[in-house]
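I have placed the structure first, in the form of structure tokens, so that the comments after it can refer back to it.
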Amino acid sequence: MKKNIALLCLSILLNAFGNALTVKAALGSAPWTAAGLNISNLLHITVGNALILLGLVALIVDDILRKKWNKMKDIYNFLYLLCFGYFIDFWLVALTKFHVNLFAFRLIVCVFGIMCIGCALSIYLRLNVVLHPFDDMLKILREKYFKGNTVVAQRLSLGVPLCIGLSIGLINHNIVGINIGTVISFLCMGYFIVFFDKRIHLSLQRATRL
Numbered sequence: 001m002k003k004n005i006a007l008l009c010l011s012i013l014l015n016a017f018g019n020a021l022t023v024k025a026a027l028g029s030a031p032w033t034a035a036g037l038n039i040s041n042l043l044h045i046t047v048g049n050a051l052i053l054l055g056l057v058a059l060i061v062d063d064i065l066r067k068k069w070n071k072m073k074d075i076y077n078f079l080y081l082l083c084f085g086y087f088i089d090f091w092l093v094a095l096t097k098f099h100v101n102l103f104a105f106r107l108i109v110c111v112f113g114i115m116c117i118g119c120a121l122s123i124y125l126r127l128n129v130v131l132h133p134f135d136d137m138l139k140i141l142r143e144k145y146f147k148g149n150t151v152v153a154q155r156l157s158l159g160v161p162l163c164i165g166l167s168i169g170l171i172n173h174n175i176v177g178i179n180i181g182t183v184i185s186f187l188c189m190g191y192f193i194v195f196f197d198k199r200i201h202l203s204l205q206r207a208t209r210l
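If you read the sequence shown in the numbering used here, its first letter stands for residue 1, the second for the next number, and so on.
What follows is the structure in structure tokens.
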């Protein structure tokens, strides 16, 4: 159990860190973060707080997709999204002096950030202790609607925030956070999750037995 909690904490930090890296690279972020960036730009709030607002909406959508309300699950997932939002802001502050200028370096940082997110998703989607509402949506779609197909479920769950980000950006006449990194995340995140599923499978099995 202690290992599971440690892995959960690691996945939260890794997920937030990966998202912060994509923001710093400024070559496009994962769709949910891109949507958060556009909301942040529109409302003049931090990216973390924007993602918390999005998470609350996703929490409601998850209950609709699940076709039932689980009070305790929603409470834990809400606490998770709070932690995730605050950690995003923490990493963005911590990386304030981290400057990425050269395009090639920015691309490397962006892809590395996306892979960090994929690794984090791989870990806690299988831990099944608590999930961010964004990722719970992926899990519900994958298990309830797409017969375990991670790639298809991931693309659909990422298509929603992509549309949100584009819509808000167009309304605000300033689209931010949507670029090549967003495309890479949209097309490849499912494959990254599957990749890390295979690479860290045994470690998770040992942790689960405890």
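All C-beta atoms in this analysis are idealised placements derived from N, C-alpha and C, irrespective of residue type, glycine included.
Just so it is clear, the structure is predicted and the values come from calculations on it, not from any experiment.
Query raised in the report: Given V255, which residues of its chain have a CB within under 6 Å of its CB, disregarding the five upstream and five downstream residues?
Result: An answer regarding residue 255 cannot be provided, because it is not within the stretch 1 to 210 covered by the chain.
Exercise for the section: Would you grab the beta carbon distance between T46 and D74 for me? Rounded to a whole angstrom, and I think it's under 8 Å. Expected result: Position 46 of the sequence shown, counted from the first residue, corresponds to residue 46. Position 74 of the sequence shown, counted from the first residue, corresponds to residue 74. Not confirmed; about 24 Å, so no contact.
With three or more C-beta pairs closer than 8 Å as the rule, is the stretch 28-39 touching the stretch 168-187?
yes
DSSP-derived helix/strand/coil call for T46:
For the purposes of this step, residue 46 is taken as the residue at position 46 of the sequence shown. Reduced to three states, the DSSP call for T46 is coil.
Excluding the 5 residues preceding and the 5 following A16 in the sequence, name in chain order all residues of the same chain whose CB lies nearer than 8 Å to its CB. Sequence index remark: in the sequence shown, residue 16 carries index 16 (1-based). So the qualifying residues of the chain are F84, F87, I88, F90 and W91.
Worksheet entry | Any alpha helix (DSSP H) of 4 or more consecutive residues that is wholly inside the stretch 99-184 | 103-127, 133-140 and 150-171
Near L43, which residues of its chain fall below 8 Å by C-beta distance, leaving aside the five closest residues on each side in sequence? Counting from 1 along the sequence shown, the entry for residue 43 is found at position 43. Cβ neighbours of L43 beyond the five flanking positions: A50.
Pairwise C-alpha distance: L138 and F103: For this step, residue 103 is matched to residue 103 along the sequence shown. For this step, residue 138 is matched to residue 138 along the sequence shown. Answer to the nearest angstrom: the Cα atoms are 31 Å apart.
- Where do the N-terminal and C-terminal ends of the alpha helix (DSSP H) with G85 fall, by residue? Here residue 85 is taken as the residue at index 85 of the sequence shown, counted from 1. K71 to A94 is the extent of the alpha helix (DSSP H) around G85.
Using a Cβ-Cβ cut-off of 6 Å (strictly less than) and excluding sequence neighbours within five positions of Y80, which residues of its own chain qualify? Start at 1 with the first residue of the sequence shown, and residue 80 comes out as number 80. Cβ neighbours of Y80 beyond the five flanking positions: V130 and H132.
Notebook entry, point to check: Looking at C-beta atoms only, is the number of pairs between the stretch 122-129 and the stretch 152-162 that lie closer than 8 Å three or more?
Noted result: no
Would the beta-carbon of K139 be found less than 7 Å away from any heavy atom of the ligand ZN? The model depicted lacks the ligand ZN and carries no ligand whatsoever.
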